[in-house]
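J.:
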Amino acid sequence: MEKTTIQINFETLERLKSLKNSKRQSYDELLNNLINNCEEESLNEEEINEIQKGLEDVKKGKVYPIEVVARELGIALK
3 MEKTTIQINF ETLERLKSLK NSKRQSYDEL LNNLINNCEE ESLNEEEINE IQKGLEDVKK
63 GKVYPIEVVA RELGIALK
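Per the working numbering, the sequence shown starts with residue 3, numbered consecutively.
1. Quick check for students: name the residue ranges of the alpha helix (DSSP H) that lie wholly in the segment 13-50, counting only runs of 4 or more.
2. According to DSSP, is Glu58 part of a helix, a strand, or is it coil?
3. Kindly give me the distance between the Cβ atoms of Tyr29 and Leu36, rounded to whole angstroms, as I take these residues to be in contact under 8 Å.
4. DSSP on Val70, reduced to helix/strand/coil?
5. In this structure, does DSSP put Glu52 in helix, strand or coil?
6. Could you tell me whether the Cβ atoms of Leu15 and Leu32 are closer together than 9 Å?
In structure tokens form, the structure reads like this:
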């Protein structure tokens with residue numbers, strides 16, 4: 003594997019260290035895990051539209067507190 007050096011702030015290095023799963027985990031593994039997680043968590047256009055619709059419903063008062071829904075359905079909340 004070809005290697006390279008990157009310059010980062012000391013604070014960034016400390017943050018990266020805190021994200022390691024183990025002391026033996028390489029920074030390459032850590033960075034690849036972070037990149038993969040970012041790619042997996044990206045929202046598609048349909049998901050974004052559903053979130054926007056939900057926010058509009060909240061603004062219009064088209065939502066009900068969980069307590070009201072539970073009471074109407076006869077569900078006891080803990």
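Beta carbons are placed, not taken as given, at the ideal position from N, Cα and C, and that holds for glycine.
These numbers were taken from a predicted model, which means no experiment stands behind them.
T.: This is what the structure holds:
1. Counting only runs of at least 4 residues, the segment 13-50 fully encloses the following alpha helix (DSSP H) elements, listed from N- to C-terminal order: 29-42.
2. Glu58 carries a helical assignment under DSSP once its states are collapsed to helix, strand and coil.
3. In this structure, Tyr29 and Leu36 do not form a Cβ contact; the two beta carbons are roughly 10 Å apart against a cut-off of 8 Å.
4. Helix, per DSSP.
5. Residue state, collapsed to three classes: helix.
6. Taking 9 Å as the Cβ cut-off, Leu15 and Leu32 do not qualify as a contacting pair.
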